[in-house]
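J.: For the sequence shown, the numbering used here begins at 120 and goes up steadily by one.
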Amino acid sequence: MDDYGFVAVNDHGSVSISSVYKVLVFSERGQFRIQSRYTDKEGKGQFTFAKPIRTVEPPQIFLRTISASHASLGLYTSIEGSSGNWTGFHVTSAVRGGSVLQDYLMEFVSCKYSDQSSSSEYGLEVRDAQNRIMFVSSDRVVRYGKFSKNWTVGRGSFVDIYYSDVTVDVDDFISVSSLDRGIMWFANDSKYAGITILEGGVPVLQIFNNRHYLERFYWQGSSGFCLSIPVCKFPIDRYYN
120 MDDYGFVAVN
130 DHGSVSISSV
140 YKVLVFSERG
150 QFRIQSRYTD
160 KEGKGQFTFA
170 KPIRTVEPPQ
180 IFLRTISASH
190 ASLGLYTSIE
200 GSSGNWTGFH
210 VTSAVRGGSV
220 LQDYLMEFVS
230 CKYSDQSSSS
240 EYGLEVRDAQ
250 NRIMFVSSDR
260 VVRYGKFSKN
270 WTVGRGSFVD
280 IYYSDVTVDV
290 DDFISVSSLD
300 RGIMWFANDS
310 KYAGITILEG
320 GVPVLQIFNN
330 RHYLERFYWQ
340 GSSGFCLSIP
350 VCKFPIDRYY
360 N
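1. Would you report the Cα separation of Gly200 and Val228, rounded to the nearest angstrom?
2. How would you label Phe336, buried or exposed, when you count the other beta carbons within 10 angstroms and need 16 or more for buried?
3. Is it buried or exposed for Met120, if we count other Cβ within 10 angstroms and need 16 for buried?
4. Write down the C-beta distance between Phe292 and Phe353 rounded to the nearest angstrom, noting that I regard them as a contact closer than 8 Å.
5. How far does the beta strand (DSSP E) with Cys351 in it reach, from first residue to last?
6. Can you list, in chain order, the stretches of the beta strand (DSSP E) that have 3 or more residues and sit fully within the stretch 244-299?
7. Per the contact definition of three or more C-beta pairs closer than 8 Å, is the stretch 268-283 in contact with the stretch 163-179?
8. Could you check whether Val295 and Lys265 sit closer than 7 Å to each other, using their CB atoms as the reference points?
9. So who's on the other strand from Phe125, going by DSSP bridges?
10. Rounded to whole angstroms, what is the Cα-Cα separation between Arg152 and Tyr123?
11. What beta strand (DSSP E) runs, 3 residues minimum, are completely inside the stretch 223-247?
12. Let me know the secondary structure DSSP gives Gln221 once reduced to three states.
13. Identify every residue that forms a DSSP beta bridge with Ser151.
14. I'd like the span of the beta strand (DSSP E) that includes Asn328, first residue to last.
15. Since Leu192 is in the beta strand (DSSP E), which residue starts that stretch and which ends it?
16. For Phe166, list the residues DSSP reports as bridge partners.
17. Taking Arg148 and Tyr358 to be in contact with their CB atoms under 8 Å, please state how far apart those CB atoms are, rounded to whole angstroms.
18. Out of Ala312, Leu182, Thr211 and Ile326, which has the shortest C-alpha to C-alpha gap to Ser283?
19. Once DSSP output is grouped into helix, strand and coil, what is the label at Ser146?
20. By the three-class DSSP mapping on this structure, what secondary structure does Pro354 have?
21. Give the DSSP-derived three-state secondary structure of Ser309 in the structure shown.
22. Roughly how many whole angstroms lie between the Cα atoms of Val219 and Gly162?
23. Look up Ala213 in the DSSP assignment and say whether it is helix, strand or coil.
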């Protein structure tokens with residue numbers, strides 16, 4: 120079957136909806152805390168969705184920092200549940216900074232692919248060749264704002280840092296689920312990897328890789344490193360529960 124759908128165009132851009140490519144839409148937003156019990160241990164944060172997400176694909180989690188106990192925050196994210204029943208997520212954090220316990224207030228937005236028919240009497244649905252929902256006009260489509268495109272790498276004794284070319288605003292949400300614990304990203308030369316979203320008290324987008332084999336010569340440069348991480352705004356007047 121040929122691709123079909125529609126394109127909407129106005130003075131600010133365009134939106135293309137097809138029967139082939141799924142559309143990421145808003146699911147839920149909320150707040151949670153990342154906290155630690157000890158100053159020399161990782162921090163933990165967790166949130167359970169109000170309703171499970173029933174898509175085959177895992178949801179995408181976007182985060183921003185509301186308030187912070189430290190000037191930096193690096194973390195990796197794990198989605199809870201399983202395919203067809205995603206129930207929430209948790210984050211594991213690591214920071215630098217003396218004898219202060221971690222305490223971050225975070226705001227998240229969870230997004231999923233369209234998967235349910237609209238309950239409205241009027242509207243528009245687009246389905247694929249297998250009659251599965253691809254788009255529903257009552258869904259609130261995610262509007263992408265920025266993407267990481269270029270990275271530079273700083274190699275350390277224990278940790279490598281990848282610096283993105285994206286300037287992050289205080290009201291931007293970073294897709295932290297774009298990179299999970301990240302071990303396979305670095306050819307198993309990693310204890311864990313994650314995303315730094317706060318550095319020097321300023322929102323940033325960086326990747327850190329805590330290397331596993333310190334004696335092994337392994338150079339993962341930035342040439343050809345094309346991981347694209349989206350950064351979006353979710354104004355509350357449109358993306359609300």
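Note that CB positions come from ideal geometry on N, CA and C, so glycine has one too.
T.: In terms of the structure at hand:
1. 17 Å
2. Because the pLDDT at Phe336 is just 49, under 50, the model does not fix this residue reliably, and the value given afterwards should be weighed accordingly. Burial call: exposed.
3. In this predicted model, Met120 has a pLDDT of only 43, less than 50, meaning its place in the structure is not dependable enough to derive any value.
4. 6 Å
5. Note, Cys351: beta strand (DSSP E), Pro349 to Cys351.
6. Counting whole runs of 3 or more residues, the stretch 244-299 contains the beta strand (DSSP E) stretches 244-246, 252-255, 263-266, 270-274, 278-283 and 292-294.
7. no
8. no
9. Partner(s): Ile136.
10. 43 Å
11. 244-246
12. coil
13. According to the sequence provided, residue 151 is Phe. The question's Ser does not apply to it. Note: Phe151 sits in a beta bridge opposite Met225.
14. Val321 to Asn329
15. Leu192 to Ser201
16. Phe208
17. 6 Å
18. Ile326
19. Per DSSP, reduced to three states, the secondary structure at Ser146 is strand.
20. coil
21. DSSP, reduced to helix, strand and coil, places Ser309 outside both helices and strands of the structure shown, so it counts as coil.
22. 12 Å
23. strand
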